[in-house]
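Numbering (the numbering used here), first residue to last: 17 to 248.
Okay, structure coming up:
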(Lines of atoms letter the chains of each structure in order from A and count residues from 1; the text may use other names and numbers.)
(Lines give C-alpha, C1' and ligand atoms only; values in the text may rest on other atoms or scores of the structure.)
Protein backbone atom coordinates (compact mmCIF):
# COMPACT_ATOMS: atom_id res chain seq x y z
CA UNK A 1 0.00 0.00 0.00
CA UNK A 2 2.79 2.46 0.82
CA UNK A 3 4.36 2.11 -2.64
CA UNK A 4 1.03 2.95 -4.25
CA UNK A 5 0.59 6.02 -2.06
CA UNK A 6 4.07 7.26 -2.92
CA UNK A 7 3.29 6.92 -6.64
CA UNK A 8 0.03 8.76 -6.10
CA UNK A 9 1.83 11.56 -4.25
CA UNK A 10 4.31 12.06 -7.11
CA UNK A 11 1.39 12.60 -9.50
CA UNK A 12 -0.55 14.69 -7.02
CA UNK A 13 0.59 18.14 -8.14
CA UNK A 14 -0.62 17.42 -11.66
CA UNK A 15 -3.94 16.27 -10.27
CA UNK A 16 -4.33 19.44 -8.23
CA UNK A 17 -4.03 21.61 -11.34
CA UNK A 18 -7.21 20.19 -12.87
CA UNK A 19 -9.05 18.29 -10.18
CA UNK A 20 -8.37 16.92 -6.74
CA UNK A 21 -7.73 13.74 -4.83
CA UNK A 22 -9.03 12.31 -1.59
CA UNK A 23 -7.30 9.48 0.25
CA UNK A 24 -8.59 7.71 3.34
CA UNK A 25 -6.76 4.86 5.07
CA UNK A 26 -8.89 2.94 7.57
CA UNK A 27 -7.57 0.52 10.17
CA UNK A 28 -10.07 -1.82 11.84
CA UNK A 29 -8.43 -3.19 14.98
CA UNK A 30 -9.74 -6.51 16.29
CA UNK A 31 -9.80 -7.54 19.95
CA UNK A 32 -6.82 -9.86 19.37
CA UNK A 33 -4.71 -7.01 17.95
CA UNK A 34 -4.94 -7.97 14.28
CA UNK A 35 -5.61 -5.07 11.93
CA UNK A 36 -7.63 -4.96 8.70
CA UNK A 37 -6.44 -2.21 6.37
CA UNK A 38 -8.57 -0.44 3.76
CA UNK A 39 -7.45 2.37 1.49
CA UNK A 40 -9.91 4.51 -0.45
CA UNK A 41 -8.51 6.67 -3.24
CA UNK A 42 -10.73 9.10 -5.18
CA UNK A 43 -9.86 11.47 -8.04
CA UNK A 44 -12.05 14.24 -9.45
CA UNK A 45 -13.90 13.58 -12.68
CA UNK A 46 -12.42 16.72 -14.26
CA UNK A 47 -8.93 15.21 -14.08
CA UNK A 48 -9.96 11.76 -15.26
CA UNK A 49 -11.69 13.19 -18.35
CA UNK A 50 -9.35 16.06 -19.22
CA UNK A 51 -7.75 14.26 -22.19
CA UNK A 52 -10.97 12.81 -23.52
CA UNK A 53 -10.80 9.74 -21.30
CA UNK A 54 -13.57 8.32 -19.17
CA UNK A 55 -13.65 7.78 -15.40
CA UNK A 56 -14.01 4.01 -15.69
CA UNK A 57 -10.74 3.64 -17.58
CA UNK A 58 -8.97 5.93 -15.13
CA UNK A 59 -10.22 3.92 -12.17
CA UNK A 60 -9.14 0.68 -13.81
CA UNK A 61 -5.63 2.06 -14.29
CA UNK A 62 -5.54 3.04 -10.61
CA UNK A 63 -6.69 -0.42 -9.55
CA UNK A 64 -4.16 -2.15 -11.80
CA UNK A 65 -1.35 -0.04 -10.34
CA UNK A 66 -2.47 -0.78 -6.79
CA UNK A 67 -2.75 -4.51 -7.44
CA UNK A 68 0.89 -4.68 -8.58
CA UNK A 69 2.11 -4.09 -5.02
CA UNK A 70 -0.96 -5.53 -3.24
CA UNK A 71 -1.89 -8.73 -5.12
CA UNK A 72 -4.03 -10.12 -2.28
CA UNK A 73 -6.14 -7.01 -1.79
CA UNK A 74 -9.87 -7.00 -2.52
CA UNK A 75 -10.61 -4.07 -4.85
CA UNK A 76 -13.96 -2.36 -5.38
CA UNK A 77 -14.70 0.57 -7.69
CA UNK A 78 -16.53 3.45 -5.97
CA UNK A 79 -17.78 6.97 -6.73
CA UNK A 80 -18.77 9.80 -4.39
CA UNK A 81 -20.16 13.30 -4.80
CA UNK A 82 -18.41 16.28 -3.19
CA UNK A 83 -20.04 19.60 -3.98
CA UNK A 84 -20.45 19.92 -7.74
CA UNK A 85 -17.75 17.35 -8.53
CA UNK A 86 -18.07 13.59 -8.77
CA UNK A 87 -15.04 11.63 -7.59
CA UNK A 88 -14.19 8.19 -8.92
CA UNK A 89 -11.82 5.66 -7.46
CA UNK A 90 -11.62 2.43 -5.54
CA UNK A 91 -11.23 0.81 -2.14
CA UNK A 92 -8.51 -1.75 -1.53
CA UNK A 93 -8.89 -4.00 1.51
CA UNK A 94 -6.26 -6.26 3.04
CA UNK A 95 -7.48 -8.67 5.68
CA UNK A 96 -4.20 -8.41 7.60
CA UNK A 97 -2.14 -5.24 7.80
CA UNK A 98 1.54 -5.11 8.69
CA UNK A 99 0.45 -3.04 11.68
CA UNK A 100 -0.42 -4.86 14.89
CA UNK A 101 -1.95 -3.65 18.12
CA UNK A 102 -0.35 -5.02 21.30
CA UNK A 103 -1.73 -5.66 24.75
CA UNK A 104 -0.20 -3.57 27.53
CA UNK A 105 -1.76 -4.46 30.86
CA UNK A 106 -5.48 -3.82 30.53
CA UNK A 107 -5.07 -1.79 27.33
CA UNK A 108 -4.83 -2.49 23.62
CA UNK A 109 -2.25 -0.18 22.00
CA UNK A 110 -1.75 0.75 18.34
CA UNK A 111 1.29 2.91 17.49
CA UNK A 112 1.64 4.88 14.25
CA UNK A 113 5.04 6.43 13.55
CA UNK A 114 5.24 9.93 12.09
CA UNK A 115 7.00 8.58 9.00
CA UNK A 116 4.16 6.14 8.32
CA UNK A 117 1.50 8.83 8.74
CA UNK A 118 3.32 11.30 6.48
CA UNK A 119 3.86 8.64 3.85
CA UNK A 120 0.17 7.79 3.88
CA UNK A 121 -0.64 11.44 3.27
CA UNK A 122 2.09 11.88 0.65
CA UNK A 123 3.68 14.71 2.62
CA UNK A 124 7.17 13.19 2.48
CA UNK A 125 7.20 13.32 -1.34
CA UNK A 126 5.47 16.65 -1.76
CA UNK A 127 7.85 18.52 0.56
CA UNK A 128 11.08 17.17 -0.92
CA UNK A 129 13.53 19.72 -2.31
CA UNK A 130 13.05 22.32 0.41
CA UNK A 131 9.41 23.11 -0.28
CA UNK A 132 7.59 24.80 2.56
CA UNK A 133 5.26 22.15 3.94
CA UNK A 134 2.73 24.67 5.27
CA UNK A 135 2.44 26.33 1.87
CA UNK A 136 2.12 22.98 0.13
CA UNK A 137 -0.54 21.75 2.57
CA UNK A 138 -2.54 24.97 2.19
CA UNK A 139 -2.39 24.78 -1.61
CA UNK A 140 -3.47 21.16 -1.60
CA UNK A 141 -6.34 21.71 0.80
CA UNK A 142 -7.53 24.76 -1.12
CA UNK A 143 -7.70 22.52 -4.19
CA UNK A 144 -9.77 19.94 -2.30
CA UNK A 145 -7.09 17.39 -1.49
CA UNK A 146 -7.44 15.43 1.74
CA UNK A 147 -5.52 12.56 3.33
CA UNK A 148 -7.19 11.09 6.38
CA UNK A 149 -6.45 8.14 8.64
CA UNK A 150 -9.32 6.48 10.48
CA UNK A 151 -8.71 3.94 13.25
CA UNK A 152 -11.59 1.86 14.59
CA UNK A 153 -10.75 0.28 17.95
CA UNK A 154 -12.81 -2.53 19.52
CA UNK A 155 -13.64 -0.36 22.56
CA UNK A 156 -13.79 3.36 23.36
CA UNK A 157 -10.53 4.88 22.17
CA UNK A 158 -8.06 7.51 23.36
CA UNK A 159 -5.31 9.07 21.23
CA UNK A 160 -2.25 11.26 21.72
CA UNK A 161 -3.13 13.14 18.52
CA UNK A 162 -6.24 13.43 16.38
CA UNK A 163 -9.91 13.29 17.30
CA UNK A 164 -11.40 10.41 19.29
CA UNK A 165 -15.15 9.84 19.23
CA UNK A 166 -16.27 6.61 20.83
CA UNK A 167 -14.34 3.76 19.23
CA UNK A 168 -13.13 5.85 16.26
CA UNK A 169 -10.01 8.01 15.95
CA UNK A 170 -9.62 10.40 12.98
CA UNK A 171 -6.23 11.87 11.99
CA UNK A 172 -5.49 14.50 9.35
CA UNK A 173 -2.30 13.14 7.78
CA UNK A 174 -1.56 16.49 6.13
CA UNK A 175 -1.29 18.48 9.36
CA UNK A 176 1.07 17.13 11.98
CA UNK A 177 2.86 19.17 14.67
CA UNK A 178 6.61 19.54 14.08
CA UNK A 179 7.46 17.81 17.36
CA UNK A 180 5.15 14.84 16.79
CA UNK A 181 7.13 11.59 16.58
CA UNK A 182 4.35 9.03 16.84
CA UNK A 183 0.65 8.64 17.50
CA UNK A 184 -0.42 6.21 20.19
CA UNK A 185 -4.02 5.01 20.17
CA UNK A 186 -5.33 2.97 23.09
CA UNK A 187 -8.52 1.41 24.40
CA UNK A 188 -9.21 -0.24 27.73
CA UNK A 189 -9.97 -3.94 27.61
CA UNK A 190 -12.95 -5.14 29.66
CA UNK A 191 -12.20 -7.00 32.89
CA UNK A 192 -13.40 -10.51 32.09
CA UNK A 193 -12.85 -11.70 35.68
CA UNK A 194 -15.83 -9.73 37.02
CA UNK A 195 -18.50 -11.31 34.78
CA UNK A 196 -16.98 -14.75 35.41
CA UNK A 197 -17.22 -14.25 39.18
CA UNK A 198 -20.75 -12.87 38.88
CA UNK A 199 -21.81 -15.81 36.72
CA UNK A 200 -20.34 -18.31 39.18
CA UNK A 201 -22.09 -16.58 42.08
CA UNK A 202 -25.45 -16.73 40.31
CA UNK A 203 -24.96 -20.42 39.53
CA UNK A 204 -24.10 -21.22 43.15
CA UNK A 205 -27.13 -19.27 44.36
CA UNK A 206 -29.44 -21.21 42.04
CA UNK A 207 -27.98 -24.55 43.13
CA UNK A 208 -28.28 -23.60 46.80
CA UNK A 209 -31.92 -22.58 46.30
CA UNK A 210 -32.94 -25.88 44.71
CA UNK A 211 -30.98 -28.00 47.21
CA UNK A 212 -32.51 -26.14 50.14
CA UNK A 213 -35.98 -26.43 48.63
CA UNK A 214 -35.58 -30.17 48.26
CA UNK A 215 -34.72 -30.56 51.96
CA UNK A 216 -37.74 -28.59 53.20
CA UNK A 217 -40.46 -30.29 51.12
CA UNK A 218 -42.52 -32.55 53.55
CA UNK A 219 -42.81 -36.20 52.68
CA UNK A 220 -46.28 -37.32 51.64
CA UNK A 221 -47.59 -40.33 53.64
CA UNK A 222 -50.14 -42.46 51.89
CA UNK A 223 -52.95 -43.66 54.20
CA UNK A 224 -54.50 -47.03 53.58
CA UNK A 225 -58.15 -46.87 52.70
CA UNK A 226 -60.44 -48.45 55.42
CA UNK A 227 -61.73 -51.89 54.57
CA UNK A 228 -65.39 -51.92 53.56
CA UNK A 229 -67.75 -53.84 55.91
CA UNK A 230 -69.42 -56.81 54.37
CA UNK A 231 -73.19 -57.06 54.82
CA UNK A 232 -74.21 -60.35 56.36
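Where a beta carbon is used, it is the ideal one built from N, C-alpha and C, also for glycine.
Starting from residue i, trace the beta strand (DSSP E) in both directions and tell me its first and last residue.
i	result
residue 162	162-168
residue 181	179-181
residue 203	198-204
residue 91	90-98
residue 105	101-110
residue 191	Neither: residue 191 is in no beta strand (DSSP E) and is coded neither H nor E.
residue 171	Unbroken run through residue 171: none, as it is neither H nor E.
residue 38	37-45
residue 119	118-120
Residue i: buried (16+ other C-beta within 10 angstroms of its C-beta) or exposed?
i	result
residue 45	buried
residue 182	exposed
residue 86	buried
residue 202	buried
residue 84	exposed
residue 35	With a pLDDT of 48 at residue 35, under the threshold of 50, the modelled position of this residue cannot be trusted, and the question is left open.
residue 198	exposed
residue 135	buried
residue 178	buried
residue 90	exposed
residue 180	buried
residue 131	exposed
residue 15	Any property of residue 15 remains undetermined from this structure, which presents the chain solely from 17 to 248.
residue 71	buried
The alpha helix (DSSP H) that contains residue i, what's its start and end?
i	result
residue 129	Looking at the DSSP string, residue 129 is not in any alpha helix (DSSP H); the run it does join, the beta strand (DSSP E), is 123-129.
residue 85	71-85
residue 64	61-64
Report back the beta-carbon spacing between residue i and residue j to the nearest angstrom; my notes put them in contact at under 8 Å.
i	j	result
residue 68	residue 104	At roughly 16 Å, the Cβ-Cβ gap does not stay under 8 Å, so residue 68 and residue 104 are not in contact.
residue 62	residue 101	7 Å
residue 127	residue 200	5 Å
residue 116	residue 205	Not a contact, Cβ separation roughly 16 Å.
Considering only residues of the same chain and omitting the five flanking positions on each side of residue i, which have a CB-CB separation below 8 Å?
i	result
residue 78	57, 59, 105 and 106
residue 94	56, 58, 104, 105, 106 and 107
Identify, in the order they occur along the chain, each residue of the same chain with its Cβ nearer than 7 Å to the Cβ of residue i, setting aside the five sequence neighbours on each side.
i	result
residue 113	43, 51, 52 and 53
residue 118	49 and 125
residue 153	190 and 191
residue 88	110
residue 120	none
Under 6 Å Cβ to Cβ from residue i, same chain only, skipping five residues before and after it: list those, please.
i	result
residue 166	42 and 186
residue 99	none
residue 40	56 and 164
residue 169	45, 183 and 203
Inset, instruction - Inspect the CB distances between the region 178-194 and the region 156-165 and report whether three or more fall short of 8 Å. - result: Contact holds: three or more Cβ-Cβ distances are below 8 Å.
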